[in-house]
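Peer 1:
Protein chains in written order, with our numbering: chain A, 1 to 334; chain B, 1001 to 1453; chain C, 2001 to 2170.
(1) For residue 2050/C, does the three-state DSSP call read helix, strand or coil?
(2) Listing by chain order, which chain B residues have their CB less than 8 angstroms from the CB of residue 2034/C?
(3) Based on Cα-Cα distance, which residue from 2042/C, 2029/C, 2031/C, 2033/C lies nearest to residue 2015/C?
(4) Check whether the stretch 1314 to 1328 of chain B touches the stretch 1354 to 1369 of chain B, taking contact to mean three or more Cβ pairs, one atom from each stretch, closer than 8 angstroms.
(5) Establish whether the CB of residue 1362/B and some CB of chain A are separated by less than 9 angstroms.
(6) Over the uninterrupted alpha helix (DSSP H) stretch that includes residue 1222/B, give me the two end residues.
(7) Would you mind giving the Cβ-Cβ distance between residue 1093/B and residue 1130/B, rounded to the nearest angstrom? I have them listed as a contact below 8 angstroms.
(8) Please list the terminal residues of the continuous beta strand (DSSP E) segment that includes residue 232/A.
(9) Mind the definition here: the stretch 1313 to 1325 of chain B touches the stretch 1284 to 1294 of chain B only if three or more C-beta pairs lie below 8 angstroms; say whether that holds.
(10) Less than 9 angstroms between the C-beta atoms of residue 1394/B and residue 1366/B, yes or no?
(11) Mind checking if residue 195/A is an interface residue toward chain B, Cβ cutoff 9 angstroms exclusive?
(12) Among residues of its own chain, excluding the 5 on either side of residue 221/A, which ones have a beta-carbon nearer than 7 angstroms to its beta-carbon?
(13) Mind checking if residue 5/A is an interface residue toward chain B, Cβ cutoff 9 angstroms exclusive?
(14) Is it true that the CB of residue 1413/B sits closer than 9 angstroms to the CB of residue 1291/B?
(15) Report the neighbours of residue 1235/B on chain C: residues whose CB is nearer than 7 angstroms to its CB, in chain order.
(16) Contact criterion: CB-CB distance below 9 angstroms. Does residue 2067/C meet it with respect to chain A?
(17) Under 8 angstroms Cβ to Cβ from residue 1087/B, same chain only, skipping five residues before and after it: list those, please.
(18) Going by beta-carbon coordinates alone, are residue 1090/B and residue 1267/B separated by less than 9 angstroms?
(19) How should residue 1074/B be labelled, buried or exposed, when 16 other C-beta atoms within 10 angstroms of its C-beta is the threshold for buried?
(20) Nearest to residue 1053/B by CA position, among 1208/B, 1417/B, 1138/B, 1010/B, is which residue?
(21) Chain A partners of residue 1379/B, CB-CB under 8 angstroms?
(22) Can you list the residues of chain C that residue 182/A reaches, using a CB-CB cut of under 7 angstroms?
(23) Give me the Cα-Cα distance between residue 1295/B and residue 169/A, rounded to the nearest whole angstrom.
(24) At a Cβ cut of 9 angstroms, what residues of the stretch 1386 to 1419 of chain B count as close to chain A, listed as they run along the chain?
(25) So, at 7 angstroms on beta carbons, what are the nonlocal neighbours of residue 2012/C in its own chain, with the 5 sequence-adjacent residues on each side left out?
(26) Where do the ends of the beta strand (DSSP E) carrying residue 1189/B lie?
(27) Could you compute how far the alpha carbon of residue 1370/B sits from the alpha carbon of residue 1264/B?
(28) Can you confirm whether residue 1376/B, when its beta carbon is compared against all beta carbons of chain A, has any partner nearer than 9 angstroms?
(29) I'd like to know whether the C-beta of residue 2118/C is nearer than 9 angstroms to at least one C-beta of chain B.
(30) Sort 1337/B, 1258/B, 1121/B, 1401/B by Cα distance to residue 1214/B and report the nearest one.
(31) Look at the alpha carbon of residue 1148/B and the alpha carbon of residue 1158/B, and state the distance between them as a whole number of angstroms.
(32) Considering only their Cβ atoms, is the gap separating residue 1163/B from residue 2038/C smaller than 9 angstroms?
(33) Please list the partners that residue 1167/B has in chain C, where partner means a Cβ-to-Cβ separation under 7 angstroms.
(34) For residue 33/A, does the three-state DSSP call read helix, strand or coil?
(35) Between which two residues does the beta strand (DSSP E) containing residue 2087/C stretch?
(36) For residue 1056/B, I'd like the list of residues in its chain whose CB is within less than 6 angstroms of its CB, leaving aside the five on either flank, ordered along the chain.
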């Protein structure tokens, strides 16, 4: 007897460990049938369920109890049952509900992508592009907050926040004492320290990486460049605090930003410390591994490989040169 | 006169004190349960009674109790939901003010049935006077040996505490209430797990409304079968109805489920008719979140039958032509009431009370309020009406907790039944600011409706 | 983010701490955070509002982070995060109260006190605001006054005038 359970999502079956959520089962299948997730973060316990973009329809509950679930469910927080059948992009009801949610997420969003550092790597931008309407039906003033600095390295742009709560989970789970949180209620709720306090902790910079939008950004990178003009390179260093595995973002010869390595779902592979993120911005601080693989659908890859002009650090290493060339070929094809 | 099970002695002077309450037969249910019934027997009686949750959802209480997980060595909790905040509902406040020992007695019996040794009554913070009343009642009951260690020599221990809320309608949602009781923001939890498995402090927990808990007392005293004889069909027993709005005698009435809506509104025993000689325009029958119905539909179903005060009859016709019994908050609107204004008012309420955790409710409630405000104040357009219907649909069913539905239903139903009044606000903005649409055709006899496809 | 105008250090009295000690006993070991709401009510009853310093003290007493207190205090509408008048008149403005004249009551209050919603009268005695359903719809219109939250029911303009005069004399 297999200890795995079988779930079918949009007609594609997969066997997963019991306790797996629908979303993670979908990620095991991969491709278009993976629901978008703005608040769920697999590395943060308790996250998810809030943004409602990952809603799916359970058309068959399980082999034992085949009744469909009465409402759409958040796939990130609903565990699969053996024999469960789920409809995501094959259900017009789901597609319509998701459009509705995207509209809600955008009505108070400033849509200031042209001046937002997150543009190009923003989950909300991607979501709006894929599921949003071209026109807004919202005719009222958008909610505004003042921009504030949380310490000297992180800037909070509350206007852009979608209240995913990820940054509060980071503070709870990987720093030693949370000093920011969600204050206020309803559509006045905001991420804040309440009275001005710096978030001062070795791992606080990770709130930038988990933020799906441009609400929490790296002040050391602010307005330095558009992300699609930069070149991501994986690198590591022997760090006493964290794994030291990062992505360096180059502009020319200069490292203008350091982030954790993010996977295809925009989740970091491993959290990194503030020293690696903010203080190590010389190539000599790092051991270069090679170009960061970026999805060829991403705007970040669009400018990289038009011509084969690798960075000097890559030119000096034949193995890196080969992989860079491969990336170039791959991008050209699509 | 209809039978009173909860309010039989409500008018006895001093019934709010232990001694008078006891003299009127109070705490008999505790004696009976602890001395002659097993906890499972009590659960069985509640199941037999057919009692349905009186907080609004109408879920069978006995069934809810039987879902409670009972792992070894893990405490179980009973939490009473006294966070009464649904606009139009004030029965729990009335009960706690006037006959607090009924709730205490119900808590003791119910805690015994569920095996809870610590129980909480979560009262909304604004009801500070009721909190003091309950604390006093608990002290009296404890002094008389009905609370504490080894109650009546039965070996059953129970500590009962009152917890104040802080001003948040959302804490009436049971998991938000538990979060609040744990000293957190009242953000509803994502279910599953349900409280029956993982509730207060992660332990199995039952959350019941004040009236449900109080109803356990007559159920234990008289037996579940006797209780079930009152009422019609699956609507058994008596129900407290909070009557308010444009009526002659607003107040809390204990009715036998099954009395007709017409009798409830017009008889001297209950609301005593519409105030100031006006005519009935509309009713919100079960608290602000349930669909509003025009006069003709609240009095008769589309089959031409009298509408009754039961779970089934009020919801007859589904959302197209029916409504819900809800929490029994019966708000009556007369011919001078403006439906648009009333809808905007409710909408503002839900906007104010949205916890902000999930996006459709956080953003959608505010959006609806703004559009309704615009309509009410003469700046609306015809397309606003369809926009509202659409936004309500985008919220409904897509949120973590039922507040999204509660915010969507009043708007959707008001437009469904009173669309021409909304349109009149668009076409006659100046008049709408000064006067109102009046009764129009809302009380006209229902046309014989052919079965529509 | 709060613009802090007043940052006076507060030290809780022994009596207040004794109240906290009793409240914490109501919950299982290690679940003392459950006492947060009752404690905040007690602090507000004492000082009239919740200053940052008071909230920090509460956090210290409960052994939790200050932000956990701020998060809760800003979620619940009964807690005042700015100084108020000695008497805060909170008028219900929801559905059933509105049907029977809550708007007029608030208009009257504004005229009578000469201050807008949320503002404090010059003598420091009064402030007022509209609040959502107080669950007293059968006795509408109603208002409540903290810290004991007495309800005043079936309000009329005359009753309101009498009430204000009585409060002034207290």
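In this text, a Cβ means the ideal position worked out from N, Cα and C, and glycines have one as well.
Peer 2: Taking the geometry as given:
(1) coil
(2) Chain order gives the chain B residues near residue 2034/C as 1163, 1181, 1182, 1183, where near means a beta carbon separation below 8 angstroms.
(3) Closest by alpha carbon: 2042/C.
(4) Contact fails: fewer than three Cβ-Cβ distances are below 8 angstroms.
(5) Closer than 9 angstroms to some Cβ of chain A, the Cβ of residue 1362/B qualifies, so yes.
(6) 1210 to 1222
(7) 6 angstroms
(8) 231 to 236
(9) yes
(10) no
(11) no
(12) 117, 256, 257
(13) no
(14) For residue 1291/B and residue 1413/B, yes; Cβs fall inside 9 angstroms.
(15) Simply none; closest approach about 23 angstroms.
(16) Flagged as an interface residue toward chain A: residue 2067/C, by a C-beta distance shorter than 9 angstroms.
(17) Within the same chain, Cβ atoms closer than 8 angstroms to the Cβ of residue 1087/B are found at 1287, 1288, 1329, 1331, 1346, 1349, the five residues on either side in sequence being excluded.
(18) no
(19) exposed
(20) 1208/B
(21) Those within 8 angstroms of residue 1379/B in chain A number zero; the least Cβ separation is about 10 angstroms.
(22) 2071
(23) 51 angstroms
(24) 1387, 1390, 1391, 1393, 1394, 1395, 1397, 1398, 1399, 1400
(25) If we look at residue 2012/C and ignore the five residues flanking it on each side, its Cβ neighbours are 2057.
(26) For residue 1189/B, there is no enclosing beta strand (DSSP E), as DSSP gives it neither H nor E.
(27) Taking the straight line from one Cα to the other gives about 35 angstroms.
(28) no
(29) no
(30) 1121/B
(31) 5 angstroms
(32) Contact flag set, yes.
(33) 2076, 2077, 2078
(34) helix
(35) 2087 to 2092
(36) 1326, 1327
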